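Enquirer:
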Amino acid sequence: MSMEKSQPQAKLEHHHTIFDGWRSIAIALYMALLGYGVSVGIPVISSAWVELLGFSEVEVGRVAGADLGGLALGSIMASLLIQRINRRIIALGGIFLVIIANGLCMIFVDYDHVLWLRAMAGTGGGIYTAIALATLGATSRPTRAFNMLLFAFAFTQALEIQILPQLSMNGIYGLFISLYLISVFFLRWIPTHAVKDIADVDLDVTDQRGKHHHIHKKIPKYVPWFCLMAILGIYTSIGAYWTYIELASVSAGIDKEWINNVLVWASFMSILGCLFSTFISDRIGIARPLLVALLAMAFVVSLMIGDIRNMDLLISAMLFNFLWLFIDVYQMGAMSIFDPSGRFVSLIVGAQGLGQIIGPNLAATLLSYQLGYDAVFIMCACAALMSMIIYGTMYVRLRSVIPALADAS
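Below is the structure:
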């Protein structure tokens, strides 16, 4: 008898928890969409800082970086507190920071004050968003929960970009204050603590005689750290690609109107990415589609290397948006399966934010050495491949330790 046949079959159990209630999911979705709202609206908000407050392009970059850096810092703070303190209190602390910082931004409009106030607002937003992700991740089907988030995200992103340009600077700050205040009345819908410890996973095992029994397995400690490193890598690629795709296309002589149209069309591909990810994960799990998608991402960004033509831009931008959310659904879902406590799930926001800071800055450094946009997109492809290697290594190791966990959905 072969070794493969002698091994019992196992699959990951999905037990319903207090996090599966519609109220818990609804408020977590609202909080996550709002928490990501500033980073999504940064292009529009940056223009307002220039046009309405008179900031220079350099100052805008520093202020935006402070906001995103605060987002990462806030998620780290949340991860340190989430197992010790009531999650509602942590979220309330994040709301307090955001409201105070945005309110003071309506009073102090000079660069020096705004810089530190945006860092404060970003920190509060990072805490708030981290609690939202940890709540979604604690559901019995985290992949589906994050799919709902990213599907809604595709629509709210378009809505935000339409609304914010019509508001004054104080109007933008006031809108965020109001939206955060609304959530205060629904924080009681958030479960206060995690159900399980990070190290435990339940498996339903079928032995050679066809009998079923349940066992507990310890999740290796390296697994969530591998996930965070991979998320950092892919967001380094995403941050650099999305920052320079338009500038690289203009430099290649492509008509700007065509570029803008392509980017608008491409945004709708993210919706298809969400739908397709659910269809696939329900059939073959998370890991293998994620590895294929990361390899495809490396190829898609590499289409921008060399002489960029209209079709190169179209194919690259469309597939990039499709794969972006496709990958995100799986990354968030995988992390939630490996981390029932929510401690590491809350760090997803930090890994994303840090990657979005590293990517554009690393790309800018390459351009400062006169290496051109080809070097930028080569770096993007390498970062995606690095993430694929990290996930691939983790997958192979898990297959030898907990096969059911490696192929969980």
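Under our numbering, the first residue of the sequence shown is numbered 40, with each subsequent residue one higher. Where is the CB? At the ideal position from N, CA and C, for every residue including glycine. Predicted, not measured: the structure shown is a model, and the values here were computed from it.
Roughly how many angstroms separate the alpha carbons of Leu-131 and Leu-120, rounded to a whole number?
Expert: Spanning the two alpha carbons is a distance of roughly 13 Å.
Enquirer: Can you give me the C-alpha to C-alpha distance between Ala-279 and Leu-401, rounded to a whole angstrom?
Expert: Between Ala-279 and Leu-401, the C-alpha separation is close to 8 Å.
Enquirer: Is the beta carbon of Ser-114 sitting closer than 9 Å to the one on Ile-396?
Expert: No. Outside cutoff.
Enquirer: Can Ala-332 and Leu-362 be called in contact, C-beta distance under 9 Å?
Expert: Cβ atoms of Ala-332 and Leu-362: closer than 9 Å.
Enquirer: Is it true that the segment 407–417 meets the segment 203–212, where meeting means three or more beta-carbon pairs spaced less than 8 Å apart?
Expert: No, the segment 407–417 is not in contact with the segment 203–212.
Enquirer: Look at Ala-269 and Ser-426 and say whether their C-beta atoms are less than 9 Å apart.
Expert: Cβ distance < 9 Å, so Ala-269 and Ser-426 count as in contact.
Enquirer: Can you list, in chain order, the residues of its chain with a C-beta nearer than 6 Å to that of Ser-118? Leave out the 5 residues immediately preceding and following it.
Expert: If we look at Ser-118 and ignore the five residues flanking it on each side, its Cβ neighbours are Arg-382, Ser-385 and Leu-386.
Enquirer: Give the secondary structure of Val-148 by DSSP, where H, G and I count as helix, E and B as strand, and everything else as coil.
Expert: Three-state DSSP puts Val-148 in coil, outside helix and strand.
Enquirer: Hey, would you say Val-102 sits closer than 9 Å to Arg-157, going by beta carbons?
Expert: Yes, they are a contact pair.
Enquirer: Under 9 Å between the Cβ atoms of Gly-394 and Gly-272?
Expert: Contact flag set, yes.
Enquirer: Please determine, among Ile-366, Leu-136 and Thr-231, the residue with the shortest C-alpha to C-alpha distance to Arg-123.
Expert: Answer by Cα proximity: Thr-231.
Enquirer: What is the DSSP secondary structure of Gly-278, reduced to helix, strand or coil?
Expert: If DSSP states are grouped into helix, strand and coil, Gly-278 belongs with the helices.
Enquirer: Is Arg-180 helix, strand or coil by DSSP?
Expert: Three-state result, Arg-180: coil.
Enquirer: Could you name the residues of the same chain whose beta carbon sits closer than 6 Å to that of Met-357, not counting the 5 residues immediately before and after it, in chain order?
Expert: Closer than 6 Å at Cβ, skipping near neighbours: Ala-305 and Met-308.
Enquirer: Just the Cα atoms here: how many angstroms apart are Met-70 and Tyr-167?
Expert: Near 7 Å, if we compare the C-alpha coordinates of Tyr-167 and Met-70.
Enquirer: Does DSSP put Thr-195 in a helix, in a strand, or in coil?
Expert: Correct three-state label for Thr-195: helix.
Enquirer: Along the alpha helix (DSSP H) that carries Tyr-219, what are the first and last residues, could you check?
Expert: Element bounds for Tyr-219: 208–223.
Enquirer: Hey, Pro-263 and Asp-367: beta-carbon distance below 9 Å or not?
Expert: Cβ atoms of Pro-263 and Asp-367: not closer than 9 Å.
Enquirer: Using a threshold of 9 Å, state whether the C-beta atoms of Ser-290 and Tyr-434 are closer than that.
Expert: Going by C-beta atoms, Ser-290 is not nearer than 9 Å to Tyr-434.
Enquirer: Taking Ile-139 as the reference, which of Thr-282, Gly-213 and Ile-429 has the closest Cα?
Expert: The option with the nearest alpha carbon to Ile-139 is Gly-213.
Enquirer: Under 6 Å Cβ to Cβ from Gly-142, same chain only, skipping five residues before and after it: list those, please.
Expert: So no residue of the chain qualifies.
Enquirer: In three-state terms, what does DSSP make of Ile-57?
Expert: Helix, per DSSP.
Enquirer: Alpha carbon to alpha carbon, what distance is there between Leu-352 and Asp-346?
Expert: In a straight line, the C-alpha of Asp-346 is about 10 Å away from that of Leu-352.
Enquirer: Excluding the 5 residues flanking Glu-199 on each side, which residues of the same chain have their C-beta closer than 7 Å to its C-beta?
Expert: Answer for Glu-199: Gly-76, Val-79 and Gly-80, listed in chain order.
Enquirer: Output the distance between the C-alpha atoms of Trp-297 and Leu-410, rounded to the nearest integer angstrom.
Expert: Each residue's alpha carbon lies about 26 Å from the other.
Enquirer: Counting C-beta neighbours from all protein chains within 10 Å, is the total for Tyr-219 16 or more, i.e. buried, or is it exposed?
Expert: Tyr-219 should be labelled buried.
Enquirer: Just to confirm the assignment, what range does the alpha helix (DSSP H) spanning Leu-203 have?
Expert: No alpha helix (DSSP H) holds Leu-203; DSSP gives it neither H nor E.
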